[in-house]
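Undergrad: Numbering (the working numbering), first residue to last: 1 to 320.
Where a beta carbon is used, it is the ideal one built from N, C-alpha and C, also for glycine.
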Ligand SMILES: Cc1cc2nc3c(=O)[nH]c(=O)nc-3n(C[C@H](O)[C@H](O)[C@H](O)COP(=O)(O)OP(=O)(O)OC[C@H]3O[C@@H](n4cnc5c(N)ncnc54)[C@H](O)[C@@H]3O)c2cc1C
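Given below as structure tokens:
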């Protein structure tokens, strides 16, 4: 099966989510290609080759500098048709979702989204998609080729296979209607420390912290541990913390080595975003909080008292 993986990039590096998808597809079959689109992106082909692609198609053109979907759809549609790709797989992001939807419309192709796994069964590609509030996994398929798939972010960890890829440069021809949208401004949120997608340690805060100012408790602990801060939807909806830190069904999926949940009840919609963490520690004053059912270490008590003490202990240990 000829598969194409859309490799998204940020600040000159392929993103972890795309490389994870690439590695997964390489495990499933032997004919996996990747495509990188942008301006000044040719240098990324080597890194992409190390993550499982046997061929890397590169469209390097100033017309692809802004992260807009339609110019990418123009290039991808031609590539998929000319090379006869049967599967086109994306690691989910705002841009990838727009590109996948646009490509599905352009090629009249079926798109399955929010997949958390893919497998080959009897020569057929089967997607797995959480449903009913993530309480069941539905198996989904495609009626025709090309099959388009969007994989939930953070699902597959990238791993280097050590291979190298053949580089093919592809022409860029943008349709007039695809030039209608222009990027007016791009801003970056200032942040310190690792992002929640990359962090080995995450300290997450929930409504049990009581007030937005109390997020300083989880921030201090995260800083002491060299980790990142995450939040539940309840606190994001309340405006206590930014959406970019939300973990769960309608936020991000994370898999750090250590996840410390402070004042979080552990609703199923939160669980689905963090259950892949190595060790889960929960601090909650309610001994019956659902989060304790899937924690490795349950600390029953007041987060306002425990978290600062924990931060002090970590600092003492580190001698800082
Ligand atoms: C369609 C849908 C999508 C959703 N998507 C998401 C999502 O992506 N992410 C997400 O997180 N949620 C999501 N939710 C919301 C989810 O159902 C929960 O409402 C939310 O996760 C609860 O957040 P919380 O744990 O911060 O708050 P609460 O459920 O209010 O829990 C607060 C906890 O803090 C404890 N507590 C109180 N005071 C203290 C203290 N002093 N010390 C220690 N513990 C204390 C309480 O015992 C309680 O367990 C979604 C819901 C729906 C319907």
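Measuring CA to CA, which of 74, 315 and 24 is closest to residue 158?
TA: With distances taken between Cα atoms, residue 158 lies closest to 24.
Undergrad: Residues near ligand 1, CB to any non-hydrogen atom under 5 Å, in chain order?
TA: Those satisfying the condition are, in chain order, 206, 207, 208, 232, 233, 234, 248, 249, 250, 251, 263, 264, 265, 267, 269, 270, 284, 285, 286, 289, 302 and 303.
Undergrad: In angstroms with no decimal places, state the Cα-to-Cα distance between residue 130 and residue 98.
TA: For residue 130 and residue 98, the distance between alpha carbons rounds to 21 Å.
Undergrad: With the cut-off set at 9 Å, would you say residue 228 and residue 241 are in Cβ contact?
TA: For residue 228 and residue 241, no; Cβs fall outside 9 Å.
Undergrad: Distance check for residue 301 and residue 13, CA to CA, integer angstroms please.
TA: Using only the alpha carbons, I get a separation of about 42 Å.
Undergrad: I'd like to check one pair, residue 133 with residue 15: are the Cβ atoms closer than 9 Å?
TA: No, they are not a contact pair.
Undergrad: By DSSP's criteria, residue 121 is part of a beta bridge. Which residues make up the other side?
TA: Paired residues: 124.
Undergrad: DSSP on residue 196, reduced to helix/strand/coil?
TA: Residue 196 falls in the coil class under three-state DSSP.
Undergrad: From residue 257 to residue 251, what distance separates their C-alpha atoms?
TA: Roughly 19 Å between the two C-alpha positions.
Undergrad: Taking only three categories from DSSP, how would you classify residue 169?
TA: It is a strand residue.
Undergrad: Going by Cα to Cα distance, which pick from 107, 318, 2 and 187 is closest to residue 84?
TA: Residue 2 is the option with its Cα nearest to residue 84.
Undergrad: Which residue from 11, 26 and 319 puts its Cα closest to that of residue 160?
TA: With distances taken between Cα atoms, residue 160 lies closest to 26.
Undergrad: Find out if the Cβ-Cβ distance for the pair residue 41, residue 9 is shorter than 9 Å.
TA: It is a contact, given that the beta carbons lie within the stated cut-off.
Undergrad: On the three-pair Cβ rule with 8 Å, is the region 105 to 116 touching the region 160 to 175?
TA: Touching, no, given that fewer than three Cβ pairs across the two stretches are closer than 8 Å.
Undergrad: Check the DSSP bridge columns for residue 60 and list the partner residues they point to.
TA: In DSSP, residue 60 forms a bridge with 38.
Undergrad: Please classify residue 77 as buried or exposed, where buried requires at least 16 other C-beta atoms within 10 Å of its C-beta.
TA: When all chains shown are included, residue 77 counts as buried.
Undergrad: Near residue 275, what residues of its chain come up, given a Cβ to Cβ distance below 8 Å and the 5 sequence neighbours on each side ignored?
TA: These residues qualify, in order along the chain: 294.
Undergrad: Applying the criterion that 16 or more other CB atoms from any shown protein chain within 10 Å of the CB defines a buried residue, is residue 317 buried or exposed?
TA: Residue 317 should be labelled exposed.
Undergrad: Starting from residue 279, follow its DSSP beta bridges and name the residues at the other end.
TA: According to DSSP, residue 279 bridges with 258.
Undergrad: Taking all protein chains shown into account, decide if residue 67 is buried (16 or more other Cβ within 10 angstroms of its Cβ) or exposed.
TA: Burial call: buried.
Undergrad: For residue 285, which three-state DSSP category applies?
TA: Three-state DSSP puts residue 285 in coil, outside helix and strand.
Undergrad: Going by DSSP in three states, residue 308 sits in which element: helix, strand or coil?
TA: The answer is helix: DSSP assigns residue 308 an H, G or I state.
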